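Let me begin by presenting the structure, written as structure tokens, before commenting on it.
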Amino acid sequence: GCREHAARMAAALARLDDVVVAAHANPDGDAVGSLAAAGHILRALGRRFMLYARPGLPRYLDFFTLPAPLYTSLERPPFAPRAALLLDCGEPERLGPELAALLPRLESVNIDHHLGGKGMGSVDNWVDPDAAATAQLVGYVALAAGLPLTGGLAQGVLLGLVTDTGGFAHGNTSAAVLALTAHLVAEGCDLADMRERMDNTWTLGHLHLWGELMGRAQLLEGGSVAFCPVYLEDFRRHQAFKEDLEGFVEHLRRLRGTRVAVLLREDAPERCKFSLRSFGPVDVRAVAVRLGGGGHRNAAGGTVHLSLPAAQAALLEAIRLEERERSAGAEEGPDVAKNPESG
Ligand code: 5GP
Ligand code: MN
Ligand code: MN
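FYI, the numbering for the sequence shown is 6 to 348, going by our numbering.
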């Protein structure tokens, strides 16, 4: 079970040295929390490590203290990396091209909770799609290594749990998540303080951007798809940043009768990032995979090299195809709703 995996990982980490600890690009709370917690574990194990994530922390995580400087490039590392600990990431491409290129020459361990993650670690892997957050798994590794879940280690685990469960609201909020969180709180973690520092960081431009996007949201496909496009120009006009969109798609999902929420963000004239959300058996990961992305059943995303209108058409087509396949499959037998997951 989980305990054996955690113990095996603790042993694997103790054998690595000169480690690049890395998470997926544009790191979210789980990526950052996992990075921090893993750094604390490696320090306790006496390993030399550096933290790496591109292009750095999002502004809403400014408050969060990491155990070491965060590198956003591998051009001038503090030591020649010999190993990598890969967190919250299922594919080398999501680590960014620099680390993806270096990876074949490193011993690597992968800890992740993405469905369909290949387990890209060359030495060992722990990929558990039933975990709510990668930070949850890292927390278990710490416990298996005999480390108390206190201080920055505990903060990292808590950050990942809070963000990937949507504040303990998504379907991945299992008894195990709540038990681990209870342990963290009992050890002195302040949940409300973390929320306060993370949530109340908006600029007026951020608020105005949301206002404009809420006014722009549409219902498509007979009301089953909530859709909102975001243009490059929107960020300029409001002096806002793409990370200010974090959480917006969850509001699209709130529309009554919606099966899929789609936020489509223009990143360049011919490049768009999409975010998909669903509930229960509706599998948006399958939709994202059709377009080269990935994620979890109820929270998925990806990037397409298309103009925004072309990306919109491609997404709606992929959703239709997926719904058609699902209803065809449903005739053969009922689909059992699995744990919805996110992050
Ligand atoms: P978000 O929509 O919040 O950016 O991402 C939701 C989830 O979708 C993420 O937690 C991640 O699992 C997945 N995801 C987002 N973007 C990508 C991507 O470009 N590639 C892959 N494989 N998964 C992604
Ligand atoms: Mn993540
Ligand atoms: Mn995650």
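Don't be surprised by glycine CBs; every beta carbon is placed ideally from N, CA and C. Given the structure is predicted, the values throughout are model-derived calculations rather than measurements.
Asked	Found
Distance CB(L75)-CB(F69) smaller than 8 angstroms	no
V132 classed as buried or exposed, judged by whether at least 16 other C-beta atoms fall within 10 angstroms	buried
Distance between V143 and D23 (C-alpha atoms, nearest Å)	19 angstroms
Ligand 3 heavy atom lying under 7 angstroms from the CB of D35	yes
Check: D169 C-beta below 7 angstroms from any heavy atom of ligand 3	yes
Span separating the alpha-carbon of H118 from that of Y145	13 angstroms
Cβ-based burial, P339 [other Cβ within 10 Å; buried from 16]	Model confidence at P339 stands at a pLDDT of 46, short of 50, so the residue's coordinates are unreliable; what they give is reported in the following sentence. Exposed: under 16 other Cβ atoms inside 10 Å.
Bounding residues of the alpha helix (DSSP H) (the contiguous stretch that carries M203)	196-204
Local Cβ density within 10 Å of V309, reported as buried at 16 or more and exposed below that	buried
Per DSSP, cross-strand counterpart(s) of K278	R270, T308
The beta strand (DSSP E) enclosing S113, as first and last residue numbers	112-117
D195 CB to nearest heavy atom of ligand 2 below 7 angstroms	no
Rounded separation between L107 and L91 - CA only	13 angstroms
Under the three-state DSSP convention, the category Y236 falls into	coil
Alpha-carbon spacing of R53 relative to L47, whole angstroms	7 angstroms
Residue from G121, V37, G38 with nearest C-alpha to R290	G121
Reference L209; option with closest CA among A15, F246, D198, A305	F246
Exposure label - Q141; buried when at least 16 CB within 10 Å	buried
Distance between S283 and P345 (C-alpha atoms, nearest Å)	For P345, the predicted model reports a pLDDT of 42, less than 50, meaning its position is unreliable and no value from the coordinates is stated.
Near ligand 2: D117 beta-carbon under 7 angstroms from a heavy atom	no
Contact between the region 199-214 and the region 239-257 (3+ Cβ pairs under 8 angstroms)	yes
Collapsed DSSP secondary structure at A12 in the structure displayed	helix
Reference G306, options F173, C277, A150, closest by Cα	C277
Cβ pair L218, C233 closer than 8 angstroms	yes
Neighbourhood of F279 by C-beta distance below 8 angstroms, restricted to the same chain and skipping five residues each side	V267, L268, L269, R270, A293, L296, G298, G306, G307, T308, V309, A316, L320
Residue ranges of each alpha helix (DSSP H) within the region 125-189, 4 or longer	139-149, 156-169
Nonlocal neighbours in the same chain, by C-beta distance under 7 angstroms from L225, ignoring five residues either side	F232, L321
Y57 - partner residues in DSSP beta bridges	A27, Y76
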